[in-house]
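Chemist: Residues 2 to 483 (my numbering) make up the sequence shown, in order.
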Amino acid sequence: MIKINPHIFRAYDIRGIAMKTEKSEIDLTPELAYFIGKAAGKYLQNNFGKRIVVGRDIRITSKVIQAALINGLISIGCEVKNIGEVTSPMVYWATCAMDFDAGIMITASHNPKEYNGVKIVGKNAHSVCGEKLQKILELTKLYANEEPEITTKSGELFPETNVKSIKEESIFKKYLDDLFFRAKISRPLKIAVDAGNGSSGPFIKDIFEKFGCEVIPLYCEPDGNFPNHEANPEYEHNLKELARAVREERADIGFGFDGDGDRIGVLDENGKFYSGDYMVMFLAKDLLTRNPGAKIIFDTKASQVAMNEVAKSGGNPILSITGHSFIETRMREEKALLGGEISGHIFFAENFYGFDDAFMAMLKIMEIISKSDKKFSEYFTEIPKVLSTPEIKAHCPDDKKFQIVKELTDFFVSKYECLTIDGARVKFDENSWGAVRCSNTTPNLTLRFESPNEKTFKEIQKIFYEQLKKYPEVDVSWYKNS
Numbered sequence: 002m003i004k005i006n007p008h009i010f011r012a013y014d015i016r017g018i019a020m021k022t023e024k025s026e027i028d029l030t031p032e033l034a035y036f037i038g039k040a041a042g043k044y045l046q047n048n049f050g051k052r053i054v055v056g057r058d059i060r061i062t063s064k065v066i067q068a069a070l071i072n073g074l075i076s077i078g079c080e081v082k083n084i085g086e087v088t089s090p091m092v093y094w095a096t097c098a099m100d101f102d103a104g105i106m107i108t109a110s111h112n113p114k115e116y117n118g119v120k121i122v123g124k125n126a127h128s129v130c131g132e133k134l135q136k137i138l139e140l141t142k143l144y145a146n147e148e149p150e151i152t153t154k155s156g157e158l159f160p161e162t163n164v165k166s167i168k169e170e171s172i173f174k175k176y177l178d179d180l181f182f183r184a185k186i187s188r189p190l191k192i193a194v195d196a197g198n199g200s201s202g203p204f205i206k207d208i209f210e211k212f213g214c215e216v217i218p219l220y221c222e223p224d225g226n227f228p229n230h231e232a233n234p235e236y237e238h239n240l241k242e243l244a245r246a247v248r249e250e251r252a253d254i255g256f257g258f259d260g261d262g263d264r265i266g267v268l269d270e271n272g273k274f275y276s277g278d279y280m281v282m283f284l285a286k287d288l289l290t291r292n293p294g295a296k297i298i299f300d301t302k303a304s305q306v307a308m309n310e311v312a313k314s315g316g317n318p319i320l321s322i323t324g325h326s327f328i329e330t331r332m333r334e335e336k337a338l339l340g341g342e343i344s345g346h347i348f349f350a351e352n353f354y355g356f357d358d359a360f361m362a363m364l365k366i367m368e369i370i371s372k373s374d375k376k377f378s379e380y381f382t383e384i385p386k387v388l389s390t391p392e393i394k395a396h397c398p399d400d401k402k403f404q405i406v407k408e409l410t411d412f413f414v415s416k417y418e419c420l421t422i423d424g425a426r427v428k429f430d431e432n433s434w435g436a437v438r439c440s441n442t443t444p445n446l447t448l449r450f451e452s453p454n455e456k457t458f459k460e461i462q463k464i465f466y467e468q469l470k471k472y473p474e475v476d477v478s479w480y481k482n483s
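#1: According to DSSP, simplified to helix, strand and coil, what is Y472?
#2: Tell me the DSSP bridge mates of L268?
#3: If you draw a straight line from the alpha carbon of D100 to that of E80, how long is it in whole angstroms?
#4: DSSP has R16 in a bridge; who is on the other side?
#5: Suppose the cutoff is 6 Å on Cβ atoms and the five residues either side in sequence are ignored; what does the same chain contact list for F49 look like?
#6: Please list the terminal residues of the continuous alpha helix (DSSP H) segment that includes V129.
#7: Among the candidates M361, H8, F204 and I71, whose CA atom is the shortest distance from the CA of T443?
#8: Are F377 and I370 touching if we call contact CB-CB under 7 Å?
#9: Which residue's Cα is closest to the Cα of D492: F349, F204, K168 and I192?
#10: By the 10 Å Cβ neighbour count, where 16 or more other Cβ atoms means buried, how is F356 classified, buried or exposed?
#11: Measure the Cβ-Cβ separation of I265 and G345 and say whether it is below 7 Å.
#12: With a CB to CB cut of under 6 Å and the five nearest residues on each side skipped, what residues in its chain are close to R333?
#13: Considering just the uninterrupted stretch of the alpha helix (DSSP H) at S452, what are its terminal residues?
#14: Nearest CA to the CA of H325: which residue from G213, T301, E310 and M308?
#15: Quick one: using the 10 Å Cβ neighbour count with 16 as the cut-off for buried, is M2 buried or exposed?
#16: I'd like the span of the alpha helix (DSSP H) that includes P31, first residue to last.
#17: My assumption, with CB atoms under 8 Å, is that I107 sits in contact with Y44. Please give the rounded CB distance.
#18: DSSP three-state call for M106: helix, strand or coil?
#19: Out of L143, F353, S63 and V194, point me to the one whose CA is closest to R245's CA.
#20: Compare the beta carbon distance of M282 and V311 with 7 Å and say whether it is the shorter of the two.
#21: Name the DSSP bridge partner or partners of V247?
#22: Comparing alpha-carbon positions, which option in V87, R183, A40 and K142 lies nearest E351?
#23: Between L420, K24 and G38, which has its C-alpha nearest T30's C-alpha?
#24: Inspect the CB distances between the segment 405 to 414 and the segment 468 to 478 and report whether three or more fall short of 8 Å.
#25: Tell me which residue opens and which closes the beta strand (DSSP E) that K313 is part of.
#26: How big is the Cα-Cα spacing for G85 and Y35?
#27: So, using beta-carbon positions, are P318 and I343 closer together than 7 Å?
#28: Kindly indicate the opening and closing residues of the beta strand (DSSP E) around G260.
#29: Mark T22 as exposed unless 16 or more other C-beta atoms lie within 10 angstroms of its C-beta, in which case mark it buried.
#30: Can you tell me whether D253 is buried or exposed, with buried defined as 16 or more other CB within 10 angstroms of its CB?
#31: Near T141, what residues of its chain come up, given a Cβ to Cβ distance below 6 Å and the 5 sequence neighbours on each side ignored?
#32: According to DSSP, simplified to helix, strand and coil, what is V81?
#33: Could you tell me which whole beta strand (DSSP E) segments of length 3 or greater appear in the segment 180 to 252?
#34: Flag this pair as touching only if the segment 448 to 466 and the segment 399 to 406 have three or more C-beta atom pairs under 8 Å; answer yes or no.
#35: Output needed for S433: all residues of its chain with C-beta closer than 6 Å, excluding positions within five of it in sequence on either side, in chain order.
#36: Under 7 Å, do I464 and F450 count as touching if we go by C-beta distance?
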């Protein structure tokens, strides 16, 4: 019987170690991927249908894990289309615009190279998350217990030859035609792009040719070792080379992509970085000219300034639990037209399907700035200035983090005004706050702080530090570095 680590079945995807390292053992093997495929196939047939589209990112282990998972899907009676190396949004798109009942993407997004994972969506990109993933975990255990051990050496059963009957078929041209229909660039722009050696890179040239814009490409060659920097555009230090290229080439704007193409980072013409919540604000201001009063979804780490600006523009900002699946679900519930996270997920429901897509985000931002001769930075000159941290990750074991955040939340609720839908967002005054929550994808607590006042900004961080240092399991080195 194979060993199953239940912690890899996280809040909105399956994610674990797929390559052995000095510090970690493998917990996402091809054998397990086979049983996950079988379990997911059973669940999807019961709830959505049997026609499944399966894609993968460019990670070293993605091809063999995809092959194993496809074997599992076929064994339970699913009809599978293998669309090869794609971005996650292309899988989502296929469940909306093509004749598929569900989609599965093999990816671990921006995680280190030894990780891999499985994202599952139903028809119209409905997320399979939370309790639904736990049902798939139970089915995975059931099938793994029922069948004899299927191989003595990891991967032996799943060579590439096993899935030759499921040939790869590209959907990119159809996807690109759809983007071209939905985004209109009014004048040629000069764009710098850093794909981080991830899944977005191979598609960059064709997209810019289609839209008639000049591109300065950085790290667009797919490489599962991610040799240049982490494929995570949420953090400014990963976009240093992009910032230099923007300035040296006098580009209108710069875009950075994560490993699987569902998140974006944005730099203005001076190389200045703008977080995802500010991009939601920027896009919302344009959207609200056509849809006054529209609901705009932010995650609980979003800047108060960004939400205030949306409200000033006639929008209705709404806070949601952080996470791809939770934002997507909240948008459907609220019938919101736009949503996003500080991390760079941006969801479009105006003239689109409601899922997050970094290419769509890039093109909609380009559409707005192409309408005038204004520089991108000039759209932000009147936004109030505040001090804010990026998203801070404080290491905390998966089996401890939820209890620790519960205890922290109880403490803050007893002392301050708090929002508690996702950890605690603690309000200190109208524009000053701090937040702590559990990361859903890594063994970390996530923190963020914001205030227009430097003294208050430091005091808030100290208050959080004083509570966190009571827990030896939590890494508080972020405070020394703040």
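For glycine and all other residues, C-beta sits at the position ideal for the given N, C-alpha and C. Just so it is clear, the structure is predicted and the values come from calculations on it, not from any experiment.
Modeler: According to the data block:
#1: Indexing the sequence shown from 1 puts residue 472 at position 471. Of the three classes helix, strand and coil, the one that applies to Y472 here is coil, per DSSP.
#2: Sequence index remark: in the sequence shown, residue 268 carries index 267 (1-based). Paired residue(s): G255 and F274.
#3: As a working note, residue 100 is residue 99 in the sequence shown. As a working note, residue 80 is residue 79 in the sequence shown. Cα-Cα distance, rounded: 12 Å.
#4: Within the sequence shown, the letter at position 15 stands for residue 16. Looking at the DSSP assignment, R16 forms a beta bridge with G118.
#5: Your numbering for residue 49 matches position 48 in the sequence shown. If we look at F49 and ignore the five residues flanking it on each side, its Cβ neighbours are D102, A103, G123 and K124.
#6: Locating residue 129 in the sequence shown gives position 128, counting from the first residue. Premise fails: V129 is in no alpha helix (DSSP H) and is neither H nor E.
#7: Stepping through the sequence shown from its first residue, residue 443 is reached at position 442. When only C-alpha atoms are compared, the closest one is H8.
#8: Counting from 1 along the sequence shown, the entry for residue 377 is found at position 376. Counting from 1 along the sequence shown, the entry for residue 370 is found at position 369. Their beta carbons are under 7 Å apart, which means F377 touches I370 by this criterion.
#9: This structure does not reach residue 492, given that the chain is present from 2 up to 483, and the question cannot be answered.
#10: By 1-based counting over the sequence shown, the position of residue 356 is 355. Its Cβ being crowded by 16 or more others within 10 Å, F356 is buried.
#11: Taking the sequence shown and counting its residues from 1, one reaches residue 265 at position 264. Taking the sequence shown and counting its residues from 1, one reaches residue 345 at position 344. Yes, these two residues count as a Cβ contact at 7 Å.
#12: Translated into positions along the sequence shown, residue 333 becomes position 332. Within the same chain, and ignoring the five residues on either side of R333 in sequence, no residue has its Cβ closer than 6 Å to its Cβ.
#13: On the sequence shown, residue 452 is found 451 positions in, with the first residue counted as 1. Careful: S452 lies outside any alpha helix (DSSP H), inside the beta strand (DSSP E) at N445 to S452.
#14: Taking the sequence shown and counting its residues from 1, one reaches residue 325 at position 324. The shortest C-alpha separation from H325 is found at T301.
#15: Here residue 2 refers to the residue found at position 1 of the sequence shown. Exposed, by the Cβ-count rule.
#16: Mapped onto the sequence shown, residue 31 falls at position 30. Counting along the chain, the alpha helix (DSSP H) containing P31 begins and ends at P31 to N48.
#17: Reading the sequence shown from its first residue, position 106 is the one you call residue 107. Reading the sequence shown from its first residue, position 43 is the one you call residue 44. Contact flag wrong, Cβ pair sits at about 17 Å.
#18: The residue given as residue 106 occupies position 105 in the sequence shown. In this structure, M106 counts as strand in the three-state DSSP scheme.
#19: Numbered from 1 along the sequence shown, position 244 holds the residue referred to as residue 245. R245 has its Cα closest to that of V194, out of L143, F353, S63 and V194.
#20: The sequence position of residue 282 within the sequence shown is 281, counting from 1. The sequence position of residue 311 within the sequence shown is 310, counting from 1. Yes, Cβ-Cβ distance for M282 and V311 is below 7 Å.
#21: For the purposes of this step, residue 247 is taken as the residue at position 246 of the sequence shown. DSSP, once it has assigned bridges, lists no residue as partnering V247.
#22: Numbered from its first residue, the sequence shown carries residue 351 at position 350. Measuring from the Cα of E351, the nearest candidate turns out to be R183.
#23: Walking along the sequence shown from the start, residue 30 turns up at place 29. Looking at the Cα atoms, G38 is the closest of the given residues.
#24: In short, these stretches touch, since the Cβ pair count reaches three.
#25: In the sequence shown, counting from the first residue as 1, residue 313 sits at position 312. Run containing K313: none in the beta strand (DSSP E); it sits in the alpha helix (DSSP H), Q305 to K313.
#26: Here the question's residue 85 lines up with position 84 in the sequence shown. Here the question's residue 35 lines up with position 34 in the sequence shown. If I take the Cα positions, the gap works out to 18 Å.
#27: The residue you call residue 318 lines up with position 317 of the sequence shown. The residue you call residue 343 lines up with position 342 of the sequence shown. Not in contact: P318 and I343 (Cβ atoms no closer than 7 Å).
#28: Translated into the one-based positions of the sequence shown, residue 260 becomes position 259. No beta strand (DSSP E) contains G260, which DSSP labels as neither H nor E.
#29: Indexing the sequence shown from 1 puts residue 22 at position 21. Exposed, because fewer than 16 other Cβ atoms sit within 10 Å of the Cβ of T22.
#30: Stepping through the sequence shown from its first residue, residue 253 is reached at position 252. Under this definition D253 is a buried residue.
#31: Counting from 1 along the sequence shown, the entry for residue 141 is found at position 140. Within the same chain, T141 has close Cβ partners F36, I37 and A40.
#32: In the sequence shown, counting from the first residue as 1, residue 81 sits at position 80. Reduced to three states, the DSSP call for V81 is strand.
#33: 191 to 195 and 215 to 219
#34: no
#35: Within the sequence shown, numbered from 1, the residue matching residue 433 stands at position 432. So the qualifying residues of the chain are S452 and T457.
#36: By one-based count along the sequence shown, residue 464 stands at place 463. By one-based count along the sequence shown, residue 450 stands at place 449. It is not a contact, given that the beta carbons lie outside the stated cut-off.
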